[in-house]
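Residue numbers (the UniProt record's numbering): 1 to 435. The beta carbon of each residue, even a glycine, is placed where N, CA and C say it ideally should be. Predicted model only: the values in this text are computed from it and were never measured.
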Amino acid sequence: TLDGSTGRIFAGKVRTLPPEMHDEFRVFMEWADDIRGLRVRANADTPRDAKQAREFGAQGIGLCRTEHMFFAEDRLPWVRQMILNAPAAKRGRAQVQRLEAEMAAATGERRAEIGRRLEEAKERLAEPDRKYREALDAILPLQREDFRGLLKAMEGLPVTIRTLDPPLHEFLPSFEDLAIEVALLRERGGSEKQLAEKESLMRTVEELREFNPMLGHRGCRLGITFPEITEMQAQAILEAASALIQEKTRVFPEIMIPLVGDVREFRDQRAVVDRIAREVATRTGVEVPYLVGTMIEVPRAALMAEEIAGEAQFFSFGTNDLTQMTFGYSRDDAGKFLPEYIDKGILPQDPFVSLDTAGVGQLVRGAVEAGRGARPDLKVGICGEHGGDPASIDFCYRQGLDYVSCSPFRVPIARLAAAQSTLRHRTGAETETQA
């Protein structure tokens, strides 16, 4: 057993106790809080994590990853049904709309022929569209309860909820595993129905599979392609908030659109959220005080910050992906060469641990200046792992960010680092004034 505080090693298994915040520690952290100017939020996906973060002194949720909720056993089957039927439903609706437009302009026999094709298209659309809508309807109350728990745990504090980000194939079995299952079914003489279902699933997985999923069909691109998913998530967030407001609970949801690289992408998704907000307000009679903003994780978004800030109410720098895309490094594979780079002095430190202030930092600095030039009240923070790194926190303080967000257990580190940054630069400013 290893004591992480002292480095002492004990033979065998030693009974452990959950860490506690002692009174002395609380007093010390309160001193730090009195000094620091940078707020500290936490990345949390469950009410339990949110409560833990609040106990550690978090002043809100800086990132809730909704996709983590989709992997729960009670919803993964519905998520898969949604994914498996979304492409066919989309194609079917597009075909029906095209035929309806052709029919409106056609006459005589041509009109009759298009009418027959239209009826056939509607018949083909009916089943995948029904299953797609059924899955969305099943996921909605589950998501609503998720968000209710988060918002309640953070009563009176902002909660930033990111709409669905990863590519859809991540929720499905791998193509390779399905190919093996199909081969075994054929070899062992499995039922025709079972074989047909597996083959259909394999075709959908193949259709969704991507060569470079990190830069593929994910983030806001999913919401633009399948707006019903954004509609469902926005409805769940706003209905949860509305219900809590009626219970006299103060809530401040912030809906964050991921992977935006162009203002038109953000505009498309914000329009969906705002429309759903109006519908919820009409049904409930409650106006939810929500914000809609974006993650700045694509270099182009940082370069187009002025234009995007004209539409977005807040920026949250996703510094993990921004670092990957700026360096051209894969975070999952960089461990093969980064230690050598650091040993040889090519890089001063791991850019995924401590923010690269020279390169990535230049994008952050420029985006903050341009964004606030367009919208002076723009709220700006970061939600990557850098939010718990003292050197990165110091950089964020110097750039005038409003908050950093990190994992719940790193919140005390961030609180202390933020206070140290305030003291360091306040002392420097006072010295310059005296000189």
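Query                                                                                                     : Result
Straight-line gap, E73 to A138 (C-alpha atoms, nearest Å)                                                 : 13 Å
DSSP state of N320 mapped onto helix, strand, coil                                                        : helix
V360 versus L125: straight-line alpha-carbon distance, rounded                                            : 46 Å
Which of helix, strand or coil DSSP assigns to Y403                                                       : strand
CB contact flag (P258, M295, <8 Å)                                                                        : yes
Under 8 Å between C-beta atoms of A309 and A374                                                           : yes
Identified DSSP bridge partners for K379                                                                  : F314
Of the listed residues P19, R15, K13, nearest to S5 (C-alpha basis)                                       : P19
Pair within 8 Å by beta-carbon distance, L238 and I276                                                    : yes
Coarse secondary structure for T107, derived from DSSP in three states                                    : coil
Rounded separation between V288 and D23 - CA only                                                         : 37 Å
6 Å Cβ shell around D394 - same chain, five flanking residues per side excluded                           : S421
Exposure label - N212; buried when at least 16 CB within 10 Å                                             : exposed
Same chain only: Cβ atoms within 7 Å of residue 452, ignoring 5 sequence neighbours per side              : Examination of residue 452 is not possible in this model, given that the chain is present from 1 through 435 alone.
Per DSSP, the bridge partner or partners of N85                                                           : Bridge partners of N85: none, in fact.
Whole-angstrom distance between A358 and Q434, CA atom to CA atom                                         : Reliability fails at Q434, whose pLDDT of 45 lies under 50, so the model's placement of it is uncertain and no value is given.
Backbone CA spacing between V260 and E134 [nearest angstrom]                                              : 29 Å
Length of the line joining the Cα atoms of Y341 and Q349                                                  : 9 Å
Spatially closest choice to L84 from A32, A236, P173, by CA coordinates                                   : P173
Exposure of F71, with buried meaning 16 or more beta-carbon neighbours within 10 Å                        : exposed
Alpha-carbon spacing of Q59 relative to L38, whole angstroms                                              : 10 Å
Proximal residues to K13 (C-beta, below 7 Å), its chain only, five neighbours per side dropped            : T1
Exposed unless 16 or more other CB atoms sit within 10 angstroms - verdict on V27                         : exposed
Selection from R80, A241, D177, D146 that minimises the alpha carbon distance to P167                     : R80
Per DSSP, cross-strand counterpart(s) of F252                                                             : P158
Contact under 8 Å by Cβ, D162 with T66                                                                    : The sequence given here places Arg at residue 162; Asp does not occur at that position. In this structure, T66 lies closer than 8 Å to R162 by Cβ.
Rounded Cβ spacing between D262 and M304 (contact assumed at less than 8 Å)                               : 7 Å
Alpha helix (DSSP H) runs contained entirely in the segment 17–58, provided each spans 4 or more residues : 23–35, 47–55
Secondary structure of M304, DSSP reduced to three states                                                 : coil
Neighbour-count burial assignment, A419, 16 or more Cβ in a 10 Å radius                                   : buried
Cβ separation of M69 and D45, assumed to be a contact under 8 Å, to the nearest whole Å                   : 7 Å
Assigned exposure category for L363 - 16 Cβ within 10 Å defines buried                                    : buried
Three-state class that DSSP yields for C64 in the structure shown                                         : strand
Candidates C383, G293, S242, L195: closest to R278 by CA position                                         : S242
Backbone secondary structure at F10 - three-state DSSP                                                    : coil
Simplified DSSP assignment, three categories, for L291                                                    : strand
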